[in-house]
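As structure tokens, the structure follows; a few thoughts come after it.
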Amino acid sequence: MNYLYPIIKADYLQRSRSYAFLITIAVTIYAAWSFVPPPEANYTTLTMFGYKGVYNSAWVGNVTALMSTLVLSLCGFFLVIGGIKKDVDTEVGLIIATTPISNFGYLFSKLFSNFLILLTISGLAFLVGILMFFVRSSGYPFHIGDFLFPYLFMVLPAMFLVSGLAIVAEVFLGRKSILQYLIFFVLFGVLMSNVNSNTKNSMVTVTDALGIRTVFNSVKDKVNTEFNENINNVSLGYVIHKNRTFKTFVWEGVSWDWLFLLSRALWISLTVALVYLSSFFFHRFDFKQAVKKEKKKAQEDFFNAAVPYSGFQKSALPAIIPAYGIFPFIKTELMLMVRKDSKWLWALNIGLWVATLFVPLTFAYSFLLPALLFLQVSRISELTTKEKTNRVHYFTYASYKPLQRMLPAQIIAAFCLLVVLALPVIARLLMASNLMGMLQVLNGSMLIVLLSVCLGILTGSKKLFEILFFALTYIVFQGIPEAHYLGALAFENYAGMMVIILMINALLLIFSFAVRNYQTRNL
Amino acid sequence: MILEIKNLTKKYNKQKTGLSNFSMTMEKGVLGLLGPNGAGKSTLMKIISTISKPTHGTIFLNGEDIVKNPDTIRKILGYLPQDFGVYPNLNAYEFLEYIAAMKGVGGSGLRKRIDMLLDGVNLTAAAKQPIGSYSGGMKQRIGIAQTLLNDPKILIFDEPTVGLDPEERVRFRQLISEMASDAIIILSSHIVSDIESIADEVAIMKTGTLIGKAIPSEIIKRIENKVFETVISNADLPAFKAKHLVIDTSRQGDKTQLRYISGFQEIEAGARNVPAGLEDAYLFLTQN
Chain A
1 MNYLYPIIKA DYLQRSRSYA FLITIAVTIY AAWSFVPPPE ANYTTLTMFG
51 YKGVYNSAWV GNVTALMSTL VLSLCGFFLV IGGIKKDVDT EVGLIIATTP
101 ISNFGYLFSK LFSNFLILLT ISGLAFLVGI LMFFVRSSGY PFHIGDFLFP
151 YLFMVLPAMF LVSGLAIVAE VFLGRKSILQ YLIFFVLFGV LMSNVNSNTK
201 NSMVTVTDAL GIRTVFNSVK DKVNTEFNEN INNVSLGYVI HKNRTFKTFV
251 WEGVSWDWLF LLSRALWISL TVALVYLSSF FFHRFDFKQA VKKEKKKAQE
301 DFFNAAVPYS GFQKSALPAI IPAYGIFPFI KTELMLMVRK DSKWLWALNI
351 GLWVATLFVP LTFAYSFLLP ALLFLQVSRI SELTTKEKTN RVHYFTYASY
401 KPLQRMLPAQ IIAAFCLLVV LALPVIARLL MASNLMGMLQ VLNGSMLIVL
451 LSVCLGILTG SKKLFEILFF ALTYIVFQGI PEAHYLGALA FENYAGMMVI
501 ILMINALLLI FSFAVRNYQT RNL
Chain B
1 MILEIKNLTK KYNKQKTGLS NFSMTMEKGV LGLLGPNGAG KSTLMKIIST
51 ISKPTHGTIF LNGEDIVKNP DTIRKILGYL PQDFGVYPNL NAYEFLEYIA
101 AMKGVGGSGL RKRIDMLLDG VNLTAAAKQP IGSYSGGMKQ RIGIAQTLLN
151 DPKILIFDEP TVGLDPEERV RFRQLISEMA SDAIIILSSH IVSDIESIAD
201 EVAIMKTGTL IGKAIPSEII KRIENKVFET VISNADLPAF KAKHLVIDTS
251 RQGDKTQLRY ISGFQEIEAG ARNVPAGLED AYLFLTQN
């Protein structure tokens, strides 16, 4: 095991020493701050149908732990997945493959380094949570155990599970990132679907993978007993309320029983077992060349052919015709996006696209279109990072007016792709005389493109955008009107949101150009 | 055409300096850049290619400041970086068309130009295959082809012969000779023989400064009558190395044949004076 430590350490340092991680830290601090809203805020993070707890140590500790579990389980997967891919891309994997490290040893070190990354972020949320207790202090005494135990017993096992799932996904689904995301999306939905179940038996505790249900049941018991209610639903997450008043109650926290603790140990063991099983299927960086026979023959012919060389004559080259338009860039950007990912995904895209023509417009607009756009995440997320990933940036940055030509082309190409995918919905909105809706689809599509462009330029990585897009899509699927960036769900300040998105788009655009301008001259 | 580099300094941070008050003037022809790792060759090439800004100093191309107006040189620049990459999903045609667009080259003749360049770097047969399936040498040749897309007047090659087999290196040299008639070509390499056979002039760099620039024969003159060969016992080797700059060794049983540069007047017993080469001069200048 001694040799695993340096591997885990190196992997952790490599991942944590990046702008993307710094920004993740900043986002974590902001998010953890928002986990405990001030009493007058128009949103809540944990409530029960008109009831919420007073800000004592147990409530603040558990709310921050619950929110950390929810948010980090959702986003953490995207944050940590790709550790093996990085070793493939950098070809460090080839060196690793020649060392005595076992497949399980390697995967276990990746699991642990994934976990360390999530642990760092959870630790930060934990500290901010304590800080928030004192900031929002309402005179209740501070008990460190009220913060420590929820994090130890709920957040950390959940993070370990997510770390392991990322490894399993990478082993079995390799570079099929969309499939990885989709399967996790569904799995996360399944894990969260039962958290409000009222059944109370040992099996329910054991099968509660994220450990959220135990805390929910404790809160429900408290409210139902104290107020003689029969409420089944606990609402967790950012929920906007307008002028709603809540009855408060004093909740003293969860009494963590042995069954719960054993169930956490079981999930940790299950994670290790899954990673162990995966190690039998791990490629160990030995990729079979899946080349078709004809292609292989063509390649062999090329390598075997003795090509006559007549010499290079500069004077015979055709004259240069200047062309400074951006159309060739748009064409190439579209080509790169279309060729990204496998053909089956295009079949799925076409299926969904056709479906948006025939299903009821409300359903197509509210759910199918956001799903269809999210399916493009891996195409869009690389818009401004692929030059560096593929080390083509030396050419692009040294080209003629790169800022005025390359960047607009990337934005236009991605926007065109999304608009084409949204065309059936746009056409149907027009036919339904919903001009605002149509404009908002265009506005929202541009928001997605510019988020990718700006975050890619800023962090040099596609991860932050992918996490954000995933979280946004997840919230959209929860049916929260204010979060529907395409404007499918009507609410009070619909027009206001449109203007806000438009302003965000303008800011993202200006910021992207400014930062890229600096980058092109400072390699 | 004249490229003037004036007092160029590039500081990455307080400790790390890439270039230090570097000045040089170039005209048409091939300039070979030699220097050990960290000498500042790539930094210099990046600054001339406008993808990095100097901390101080400037570069003039025909009197125009290209640090302030980078687009002046970009239209006529061909640059091959040391560790460039490609888009693996594109084939050679598509990739070169893309780079041509970056360089502002288009029109009806572009396809023919790409055909001829691909032929020039011996990639015609593989032109329609995804570049992701290419070997390292083939990718390097695509890199060389892209430099010539815009009929460049300034060509910058950072380690261009890495990954090329001997036959391809010969082709590359022919290609450079063809281009050198009306362009400034700057070429860095660790393979001194490549520089010796291609370059009209050689510039030797060390720790961010220029320690010499002249035609190869003049540089070699600096160590004339200082290069010797001798055979000594293996046991005497450490003491010998402490006294002289040993260029090359080859073991012959319990003896070692040495090629060395001596700064002393007296000649070691059994040593014979041999004609000096550029590699000898380079090692002498960079290690002293």
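These protein sequence lines map, in sequence, to chains A and B. Going left to right, the first sequence walks through residues 1 to 523 as UniProt numbering numbers them. Going left to right, the second sequence walks through residues 1 to 288 as UniProt numbering numbers them. Just so you know, even glycine gets a beta-carbon here, dropped at the ideal spot from N, CA and C. Here the structure is a predicted model, which means the values were calculated and not measured.
Listed by position along chain A, the residues whose Cβ is nearer than 9 Å to that of residue 74 of chain B are 398, 399, 400, 401, 402. Here residue 13 of chain B is not near residue 57 of chain B, since their CB atoms are 8 Å or more apart. Comparing C-alpha distances from residue 140 of chain A to each of A:148, A:130, A:149 shows the shortest one belongs to A:130. At a cut-off of 8 Å, the C-beta of residue 441 of chain A has no neighbouring C-beta in chain B. Within the stretch 99 to 112 of chain B, contact with chain A at the beta-carbon level (separation under 8 Å) is assigned to 99, 100, 101, 102, 103, 104, 105, 106, 107, 108, 109, 110, 112. Ranked by Cα distance from residue 275 of chain B, the options B:208, B:225, B:219 are led by B:225. With fewer than 16 neighbouring CB atoms inside 10 Å of its own CB, residue 144 of chain A falls in the exposed class. For residue 25 of chain A, the enclosing alpha helix (DSSP H) has its first and last residue at 19 to 35. Proximity to residue 211 of chain B across B:10, B:21, B:244 peaks at B:21, based on C-alpha coordinates. With 16 or more neighbouring CB atoms inside 10 Å of its own CB, residue 59 of chain A falls in the buried class. Collapsing the DSSP output to three states places residue 165 of chain B in coil. Here the alpha carbons of residue 4 of chain A and residue 154 of chain B stand approximately 50 Å from one another.
By the C-beta density criterion, residue 86 of chain B is buried, having at least 16 other C-beta atoms within 10 angstroms.
In the structure shown, the three-state DSSP call for residue 393 of chain A is helix.
Under the three-state reduction of DSSP output, residue 16 of chain A falls in the helix class. Your pair residue 54 of chain A and residue 138 of chain A checks out as a contact, with CB atoms roughly 6 Å apart and the cut at 8 Å. In this model, residue 177 of chain A and residue 223 of chain A are separated by some 43 Å (Cα to Cα). Residue 146 of chain B has a beta carbon lying within less than 8 Å of a beta carbon in chain A.
Shown here, residue 223 of chain B sits in coil according to DSSP, grouped into three states, outside any helix or strand. Setting aside the 5 residues that flank it on each side, residue 185 of chain A has no residue in the same chain whose C-beta is closer than 7 Å to its C-beta. Taking a Cβ-Cβ cut-off of 9 Å, the neighbours of residue 51 of chain B in chain A comprise 393, 394, 397, 398, 520, 521, 522, 523, given in sequence order.
A direct Cα-to-Cα measurement between residue 169 of chain B and residue 11 of chain A gives close to 39 Å. Rounded to the nearest whole angstrom, the C-alpha separation of residue 182 of chain B and residue 388 of chain A is 33 Å. Taking one beta carbon from each stretch, the stretch 442 to 456 of chain A and the stretch 406 to 424 of chain A have 3 or more pairs nearer than 8 Å; the two touch. Counting only residues of its own chain and dropping the five nearest sequence neighbours on each side, residue 30 of chain A has no CB closer than 7 Å to any other CB. For residue 88 of chain A, the CB contacts under 7 Å within the same chain, skipping 5 residues up- and downstream, are 285 in chain order. When C-beta distances to chain B are compared with 8 Å, the residues of the stretch 328 to 360 of chain A below that value are 328, 329, 332, 335, 336, 339, 340, in chain order. Counting C-beta atoms within 10 angstroms of its own C-beta, residue 94 of chain A has fewer than 16 neighbours from the protein chains shown and is therefore classed as exposed. Secondary structure at residue 67 of chain A: helix, using DSSP grouped into helix, strand and coil.
Bridge pairing for residue 130 of chain B: B:91 [DSSP]. The stretch 150 to 158 of chain A and the stretch 104 to 112 of chain A do not touch, with fewer than 3 CB-CB distances between them shorter than 8 Å. Residues of chain B whose Cβ lies closer than 8 Å to the Cβ of residue 94 of chain A do not exist; the shortest such Cβ separation is about 13 Å. Residue 287 of chain B and residue 278 of chain B have their C-alpha atoms roughly 14 Å apart.
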